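All remarks here apply to the structure that follows.
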């Protein structure tokens, strides 16, 4: 189902009402580029539902959000860093609070994270992306959200994984119930 959903990324309709006009134009330009999705991140309290791609180059971040190089890979233990534009897909992060849930759907299953904290840091404070011993998710976007020009700070959302449901376990349970 995720592969089918990833193929649909070319046809997805997104609410761009809170996006900058420049971001919308770059998103539309990016639609001609092929992509390979790693998963989908959903944050209901922030109205975020977007595919996660590999990397943080401009084309990737114009199209979706991206895994930050050097952080854990999707499905691995450790600190998975995901970046997105504040005037695009991560605009809604301004609404999140500690305790909110984040769902990450991948080819392996569904991981649920609970937000522990948000913070604002200088761009040089990359320690927020250091590896952790437990499964952690760190979201990064520029801050302030409505700053004109290159934003001087970064808004960080840190969450711990609280649950993981593998597709295989779900299938096995369904077969056992028959």
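Numbering (our numbering), first residue to last: 1 to 178. We treat Cβ as the ideally placed atom computed from N, Cα and C, and that holds for glycine. In this text, all values refer to a predicted model and were calculated from it rather than measured experimentally.
Taking C-beta to C-beta, are residue i and residue j nearer than 8 Å?
| i | j | result |
| --- | --- | --- |
| residue 111 | residue 145 | no |
| residue 118 | residue 38 | no |
| residue 129 | residue 157 | no |
| residue 46 | residue 93 | yes |
| residue 97 | residue 120 | no |
| residue 134 | residue 160 | yes |
| residue 70 | residue 132 | no |
| residue 49 | residue 108 | no |
| residue 88 | residue 23 | yes |
| residue 102 | residue 41 | yes |
Here's the rule: buried if 16 or more other CB atoms are within 10 angstroms of the residue's CB, otherwise exposed. What is residue i?
| i | result |
| --- | --- |
| residue 95 | exposed |
| residue 85 | buried |
| residue 104 | buried |
| residue 147 | exposed |
| residue 83 | buried |
| residue 175 | exposed |
| residue 72 | buried |
Please name the residue in the options whose C-alpha comes closest to that of residue i.
| i | options | result |
| --- | --- | --- |
| residue 90 | 20, 175, 70, 161 | 20 |
| residue 67 | 109, 147, 55 | 55 |
| residue 51 | 43, 57, 65 | 65 |
| residue 125 | 136, 147, 142 | 142 |
| residue 113 | 178, 168, 75, 172 | 75 |
| residue 57 | 178, 116, 26 | 26 |
| residue 155 | 122, 136, 172 | 122 |
| residue 162 | 136, 17, 172, 173 | 136 |
| residue 35 | 43, 53, 44 | 53 |
Using DSSP bridges, identify the partner residues of residue i.
| i | result |
| --- | --- |
| residue 74 | Residue 74 pairs with nothing; no bridge assigned. |
| residue 158 | 117, 138 |
| residue 143 | 153 |
| residue 179 | Nothing about residue 179 can be reported from this structure: the residues present for the chain run from 1 to 178 only. |
| residue 166 | 109 |
| residue 88 | Residue 88 is not bridged to any residue. |
| residue 39 | 52 |
| residue 18 | Per DSSP, none; premise fails for residue 18. |
Measuring only between beta-carbons, confirm whether residue i sits less than 8 Å from chain D.
| i | result |
| --- | --- |
| residue 128 | Although the question refers to chain D, the structure presented lacks it and comprises just one protein chain. |
Practice problem: Would you be able to state if there are at least three C-beta pairs under 8 Å between the region 24-35 and the region 53-71? | Solution: With three or more CB-CB distances shorter than 8 Å, the region 53-71 counts as touching the region 24-35.
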